[in-house]
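All remarks here apply to the structure that follows.
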Amino acid sequence: MSIKLIVTKNYQEMSDEAFKVMKEVVTSKPDAILGLATGSSPIGLYKNMINDHVANGTSYSKIKTVNLDEYVGLGAESDQSYVYFMHDNLFNHIDVKEENVNLPNGKAADMDAECARYTALLATMQQDVQLLGIGANGHIGFNEPGTPFASTTNIVKLKDKTRQDNARFFASLDEVPTHAITMGIANVMNAKKILLVANGKNKADAIKAMVEGPVTEECPASILQRHADVVLIVDEDAASKLSK
Ligand code: F6R
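All residue numbers for the sequence shown refer to the numbering used here, where the first residue is 911 and numbers rise by one.
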């Protein structure tokens, strides 16, 4: 197994360690392809990237990005959409070119065709690094427990737990979309490097299952045990159930 584990005191340190990994990729390969994620976990990393861009001029002008996922039915006009999140938290504040930014389109007229388009795109864009968070149930992207490891971009019916976890971003649980479009697990595993960040006690079971549990589709993140280059950065709370 090649999971390199870094345990940090808190969220800020987690974000600082993650930034070191990201900065190394971006400076060693200025035209790198970055696989990106949304949610609470990467916000501190994105802030570090923005601060570094402003202070040190680190450029993203040749960088291309591919995001993990999007809610079905939401687009850039909705401030709950992932395309909105990415612009608000990162893209609007660095010099990445809009034409180099890629997310699955949650409002495509034909979502099956959109899955095929995104999978075909990913086949031409191997991620130099894929940033991930992890769901409390071990999901990566929106690939919920039970998703085949061989999956490519797919439409997911969100589990109640995931909708409840994400309800904090919406006015009410009813407003949380019921479906999402996500890069599949095979698309994630195709990345040259994986950078997974997690913080908080509610992630401790998922981190334990990912690192120490059996490799099983019941914990999608457990497949990362079979990836050649994973950097896992967790705060003490998220690491608290690991046995070593
Ligand atoms: C986000 C994504 C999800 C999140 C996960 C953790 O693009 O694909 O897998 O990474 O749900 O979310 P947070 O970071 O909000 O705890």
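We put the beta carbon where it would ideally sit given N, CA and C, even for glycine.
Under 8 Å between C-beta atoms of residue i and residue j
i     : j     : result
A928  : I1104 : no
D979  : P1014 : yes
G949  : G1043 : yes
T1072 : G1045 : yes
L1114 : A1131 : Note that residue 1114 corresponds to Ala in the displayed sequence, not to Leu. No.
C1025 : I1065 : yes
G945  : V993  : no
I973  : N1010 : yes
Q1135 : F1079 : no
F1052 : I1133 : no
Q1037 : A1138 : no
D1070 : K919  : no
V917  : T968  : no
V982  : G1016 : yes
E1122 : S1153 : yes
N1002 : L1031 : no
K914  : V1140 : yes
T1092 : L1068 : no
heavy atom of ligand 1 below 7 Å from residue i C-beta
i     : result
T1057 : no
F1161 : Residue numbering for the chain in the displayed model covers 911 to 1154; residue 1161 lies beyond these limits and cannot be assessed.
L1068 : no
I1044 : yes
D1139 : no
L1083 : no
S938  : no
D1145 : no
G949  : yes
D979  : yes
Y994  : no
H1049 : yes
Supposed close pair residue i, residue j - CB separation, criterion 8 Å
i     : j     : result
G1094 : T1063 : 6 Å
S925  : G954  : 3 Å
V1086 : N1097 : About 24 Å separates the two Cβ atoms, so there is no contact after all.
Y970  : D1005 : 5 Å
A947  : L1041 : 5 Å
K933  : D962  : 7 Å
A1081 : A1108 : Not a contact, Cβ separation roughly 27 Å.
Span of the alpha helix (DSSP H), counted from its first residue to its last, around residue i
i     : result
A1096 : 1095 to 1099
Extent of the continuous beta strand (DSSP E) to which residue i belongs
i     : result
K1118 : Run containing K1118: none in the beta strand (DSSP E); it sits in the alpha helix (DSSP H), 1114 to 1122.
A1131 : From DSSP, A1131 is part of no beta strand (DSSP E); its letter is neither H nor E.
D1145 : 1140 to 1145
A1108 : 1104 to 1108
L1091 : The sequence shown places Ile at residue 1091, rather than the Leu named in the question. Unbroken beta strand (DSSP E) run through I1091: 1089 to 1092.
K974  : 974 to 977
**OP:** Identify every run of the alpha helix (DSSP H) within the segment 981 to 1039, keeping only runs that are complete inside it and at least 4 residues long; order them along the chain.
**Re:** 992 to 999, 1021 to 1033
Original post:
What are the complete alpha helix (DSSP H) segments, minimum 4 residues, inside the segment 1046 to 1076?
Top reply: 1070 to 1076
**OP:** Only counting runs of 3 or more residues, tell me where the beta strand (DSSP E) segments fall wholly within the segment 911 to 969, in order along the chain.
**Re:** 913 to 918, 943 to 946
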